[in-house]
Amino acid sequence: MAKILRMPSERDLPQGARRDFVEELWDCYRRAGRPTLQEIADAISADYDAFTASKETIRRAMLGKTVPIDGDVADALFEVFCKRSKTDPNEDRWPDSMDGPEPRRDWWRSLWSRALEEAPSTPVGPGSTSGWGTCAARSSAAVEEPPF
Numbered sequence: 588m589a590k591i592l593r594m595p596s597e598r599d600l601p602q603g604a605r606r607d608f609v610e611e612l613w614d615c616y617r618r619a620g621r622p623t624l625q626e627i628a629d630a631i632s633a634d635y636d637a638f639t640a641s642k643e644t645i646r647r648a649m650l651g652k653t654v655p656i657d658g659d660v661a662d663a664l665f666e667v668f669c670k671r672s673k674t675d676p677n678e679d680r681w682p683d684s685m686d687g688p689e690p691r692r693d694w695w696r697s698l699w700s701r702a703l704e705e706a707p708s709t710p711v712g713p714g715s716t717s718g719w720g721t722c723a724a725r726s727s728a729a730v731e732e733p734p735f
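Read left to right, the sequence shown gives residues 588 to 735 (the working numbering).
Structure (structure tokens):
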């Protein structure tokens, strides 16, 4: 039985470009009927001769742990979800916008590009091993003041 994949919480994936990308990825995933990781990987393998995407790569992208470096892989995820949901990737993402049309594909590409440029965030809270106030920071003699 496949394990249920869940959207990461804001604690696990704080606000920012990476979260925006993952939220759009999840919107596409939900519209596609929540296919299994294996179904997604199989669809990518069937539709794209030049590359494949493993279940682990897809899972890590869905959780915001990584952003696909290759735009073709990011686009493949998007296109597989569009195909499964019968969504035209070139339809207007914001049909009620007064700024003019923006195709879903263009919106997706801009989210991916911004997420790729953003450094990965580190969750803050119990068990965190970096940042001011953690055991590691307090035990270091070199740290005398907070980093601001």
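Don't be surprised by glycine CBs; every beta carbon is placed ideally from N, CA and C.
- Burial state of residue 643 is exposed, judged by a 10 Å Cβ sphere holding fewer than 16 other Cβ atoms.
- DSSP, read as helix, strand or coil, puts residue 679 in strand.
- Boundaries for residue 594: no alpha helix (DSSP H) harbours it, and the DSSP string shows neither H nor E there.
- Residue 632 and residue 660 have their C-alpha atoms some 11 angstroms from each other.
- Looking from the CA of residue 651, the closest CA among 591, 693, 612, 700 belongs to 612.
- Excluding the 5 residues flanking it on each side, residue 678 has same chain C-beta neighbours closer than 8 angstroms at 690, 691, in chain order.
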